[in-house]
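Residue numbers (this note's numbering), protein chains in the order written: chain Y, 46 to 501; chain U, 4 to 321.
Idealized CB from N, CA, C, for every residue including glycine.
Predicted, not measured: the structure shown is a model, and the values here were computed from it.
Following this line, the structure appears as structure tokens:
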């Protein structure tokens with residue numbers, strides 16, 4: 046300071062003042078740092094009439110009318126008197142989102158689950174048996190839900206190591222192993238799906254389309270889609286072996302299982318659009334809808350039965366009159382839960398959460414999806430409407446029956462590490478970076494290292 | 004009390020002569036200045052030191068990052084990482100490629116562009132704006148935009164190549180294992196170039212005009228001025244940029260996540276993305292922690308080596 050006048054007039058900071066400020070700052074910083082934890086630890090006084098839901102885009106997190114208008118918030122408010130706080134992320138991002146929230150005791154009231162990514166997160170869900178018994182009585186399981194749906198609930202109880210308890214209620218069910226196709230392409234080249242009963246016949250149809258300058262199949266890189274392809278083609282290369290390898294009764298490195306990777310590589314490299322292995326899911330559907338290829342097997346389950354009530358009118362019309370479906374020859378179709386609905390154990394809002402779970406799986410929410418989007422459900426009372434397409438004859442009847450009766454060979458990928466390994470190595474095989482043998486060895490190693498609980 | 008024990012703040016007020024009135028910090032000779040830094044130290048410990056210690060600790064366990072139980076496995080994560088992990092080798096290779104190529108290009112092109120913009124060009128402010136513009140865009144926007152541009156069906160990059168008659172250059176930019184990492188890297192270079200140019204420009208503008216005039220008198224003009232004057236006098240800037248560039252390259256994550264998610268297979272994977280993938284998507288938190296520690300050590304060692312080498316160069320030029 047250069048001015049003596051200033052030296053005289055400026056009041057120096059006393060030691061006491063200084064320490065007071067320093068102590069206050071330190072205390073404030075400490076409180077700010079621990080405040081979120083304190084808030085999380087305190088009982089949350091949830092606003093009455095609200096339910097928060099996290100999930101991924103599936104028919105279970107939508108309520109589209111026939112013209113594709115989203116109405117879920119309005120319907121939840123109308124039916125339940127609850128304000129819905131819906132937070133959706135893409136399926137591959139669901140696990141990181143849950144990991145960031147659930148172990149810290151935070152997160153939503155309800156999670157719309159995906160079996161493939163839920164593995165370690167089931168433990169943060171609450172058992173629903175108490176709610177269900179009050180609602181439907183002691184025999185609620187078999188009274189309300191189909192055998193196929195129940196078999197998967199039991200698998201989840203096994204993961205949490207609390208057998209007999211229900212950690213979610215099954216929502217919509219999916220049938221894996223079938224493509225959509227443009228009827229005009231198949232008719233123009235005399236391809237009759239009713240006679241396509243072998244994998245060779247399927248490949249022959251692909252060759253015909255390819256020779257005509259048409260991309261036979263539109264594909265994408267989505268992990269769930271890659272897993273679906275694997276599960277479907279295992280039934281071609283090694284029928285019935287998906288369950289055996291996961292119970293330690295066979296190996297992923299067995300020759301016939303290795304062949305599955307080669308089949309996928311052939312499909313991707315010979316019959317899909319260029320770069321399919323790195324094509325984003327939405328782009329692949331756009332390409333199919335704009336007739337960029339004859340078939341689409343990006344997702345083979347029911348989620349994209351949403352084509353029936355798609356936001357785009359042209360897609361809706363195509364689904365009703367221009368698209369056909371058929372079961373992949375060899376693949377028997379896998380009936381499994383597309384999405385279950387679970388309540389987070391840390392939720393302080395479980396009563397509202399239960400209202401929502403019930404609505405989405407057995408109530409108006411489920412009924413609407415069954416009626417408008419032809420979704421099959423785990424709840425027996427909810428029957429999907431006829432689609433008015435060849436799905437009803439080509440796929441629907443036998444597979445819906447299997448869903449209800451449980452007469453369905455179980456081929457679900459049980460262990461999250463195996464799922465991750467399969468979806469990790471397939472692009473390596475497709476792009477020629479690793480061989481099918483190395484891929485199979487990697488998957489087997491993942492199974493050996495982390496999936497011991499499934500070995501019988 | 005000796006003058007050695009006087010704190011900074013104590014100089015602003017009279018010192019009590021009476022020993023019995025000595026306050027707590029005087030009695031125990033505590034430098035009250037410590038209280039000034041306490042909030043910062045607290046934040047540092049909480050958000051920097053503790054996570055590092057916790058990560059090092061986790062790296063010795065088989066842990067999914069969720070369960071309460073975790074199994075101590077010693078150095079197994081490190082051994083697996085360094086001896087068996089194919090993805091790790093690929094991500095290290097990609098990080099090295101990223102560091103070498105992007106830093107080289109950014110240093111050379113960044114300097115040359117800045118040098119040109121430092122000349123009396125017409126519309127130079129417009130050029131500066133255009134070059135700096137990508138730096139102002141959000142990384143997410145850049146990622147989505149370039150993903151769209153790289154698309155095989157109708158992406159503008161392949162369309163331009165077709166228009167220019169360069170069909171043989173057309174690639175599956177984000178699906179070809181041999182190309183993807185370079186395609187992602189190009190976006191990184193494009194988005195960072197503006198910053199490097201601006202920093203170089205500031206350094207060049209700090210060189211007094213007198214030096215250029217003296218050099219001209221001595222017969223050094225044009226490119227010789229650049230080589231013998233501008234380059235040596237911006238060497239400290241280059242040194243800082245190299246270190247920052249290397250740290251940026253070794254921690255590269257955003258563009259890989261947005262454009263290729265490390266694929267196809269691990270062809271464009273970098274270490275930071277692998278950490279994310281292992282820790283958050285596949286729940287191998289212990290293993291991811293070991294990888295993080297290795298990443299930290301590589302960053303530290305290479306930065307120190309860079310500092311030593313570049314200090315030598317600076318001394319040479321100095």
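- Checking the DSSP bridge columns, you'll see residue 219 (chain Y) partnered with Y:381.
- Under a 10 Å Cβ-count criterion, residue 252 (chain U) is classified as buried, with 16 or more other Cβ atoms of the shown protein chains found around its own Cβ.
- The criterion of a C-beta distance shorter than 9 Å is not satisfied by residue 176 (chain U) and residue 200 (chain U).
- The residues 146, 149, 150, 177, 187 and 190, in chain order, have a CB closer than 7 Å to that of residue 262 (chain U) in the same chain once the five nearest residues on each side in sequence are set aside.
- Not one beta carbon of chain Y lies nearer than 9 Å to the beta carbon of residue 82 (chain U).
- Of all residues in the region 266 to 277 of chain Y, only 266 come within less than 8 Å of chain U when Cβ atoms are compared, listed by chain position.
- Residue 52 (chain U) and residue 236 (chain U) have their C-alpha atoms spaced approximately 37 Å apart.
- Think of a sphere of 7 Å around the beta carbon of residue 178 (chain U): the chain Y residues whose beta carbon falls inside it are 320, 322 and 323, in chain order.
- Listed in chain order, the alpha helix (DSSP H) elements of length 4 or more contained wholly in the region 179 to 228 of chain Y are 185 to 189 and 192 to 205.
- When DSSP assignments are scanned along the region 197 to 281 of chain U, no uninterrupted stretch of beta strand (DSSP E) that is 3 or more residues long falls wholly within it.
- Going by beta carbons, residue 140 (chain Y) and residue 286 (chain U) fall inside the 9 Å limit.
- For residue 327 (chain Y), the three-state secondary structure derived from DSSP is helix.
- Residues of chain U with a Cβ closer than 7 Å to the Cβ of residue 472 (chain Y) are, in chain order, 266, 267 and 268.
- Taking every protein chain shown into account, the CB of residue 260 (chain U) has 16 or more other CB atoms within 10 angstroms, so this residue is buried.
- Straight-line measurement puts the Cα of residue 56 (chain U) at about 25 Å from the Cα of residue 165 (chain Y).
- Residue 147 (chain Y) is positioned such that its CB atom lies no closer than 9 Å to that of residue 101 (chain Y).
- When C-alpha distances from residue 272 (chain Y) are compared across Y:233, Y:99, Y:195 and Y:322, the shortest belongs to Y:322.
- Put simply, the CB of residue 166 (chain Y) is near chain U, with a gap under 9 Å to one of its CB atoms.
- Legend: CB atoms of the region 143 to 155 of chain Y lying less than 7 Å from CB atoms of chain U belong to residues 144 and 148.
- By the Cβ rule, the region 223 to 234 of chain Y counts as touching the region 252 to 262 of chain Y, because three or more pairs are nearer than 8 Å.
- DSSP, reduced to helix, strand and coil, places residue 496 (chain Y) outside both helices and strands of the structure shown, so it counts as coil.
- Residues of the same chain with a CB within less than 7 Å of the CB of residue 174 (chain Y), apart from the 5 flanking positions on each side, are 210 and 211 in chain order.
- Excluding sequence positions up to five before and after residue 246 (chain Y), its CB lies within less than 8 Å of the CB of 240 and 374, all in the same chain and listed in chain order.
- Residues of chain U whose Cβ lies closer than 7 Å to the Cβ of residue 465 (chain Y) are, in chain order, 285.
- Remark: three or more beta-carbon pairs, one from each stretch, lie closer than 8 Å, so the region 272 to 282 of chain U and the region 87 to 99 of chain U are flagged as touching.
- Residue environment: residue 274 (chain Y) is assigned as buried (16 or more neighbouring CB atoms within 10 Å of its CB, all protein chains considered).
- In this structure, residue 219 (chain U) sits away from residue 231 (chain U), with a CB-CB distance that is not shorter than 9 Å.
- Taking 9 Å as the cut-off, the Cβ atoms of residue 302 (chain Y) and residue 296 (chain Y) count as close.
- Distance between residue 26 (chain U) and residue 33 (chain U), taken at the CA atoms: about 10 Å.
- Distance check between residue 497 (chain Y) and each of Y:486, Y:487, Y:479 and Y:463 places Y:463 closest, using alpha-carbon atoms only.
- Think of a sphere of 8 Å around the beta carbon of residue 73 (chain U): no beta carbon from chain Y falls inside it, the nearest being about 13 Å out.
- Contact annotation: the region 409 to 423 of chain Y touches the region 214 to 223 of chain Y, with at least three C-beta pairs closer than 8 Å.
- Among the bridge pairs identified by DSSP, residue 156 (chain Y) is matched with Y:99 and Y:387.
- With a cutoff of 9 Å on beta-carbon distance, residue 197 (chain U) and residue 249 (chain U) are scored as not near each other.
- In this structure, residue 184 (chain U) lies near residue 271 (chain U), with their beta-carbon atoms less than 9 Å apart.
- Annotation: residue 387 (chain Y) to residue 499 (chain Y) spans about 23 Å, alpha carbon to alpha carbon.
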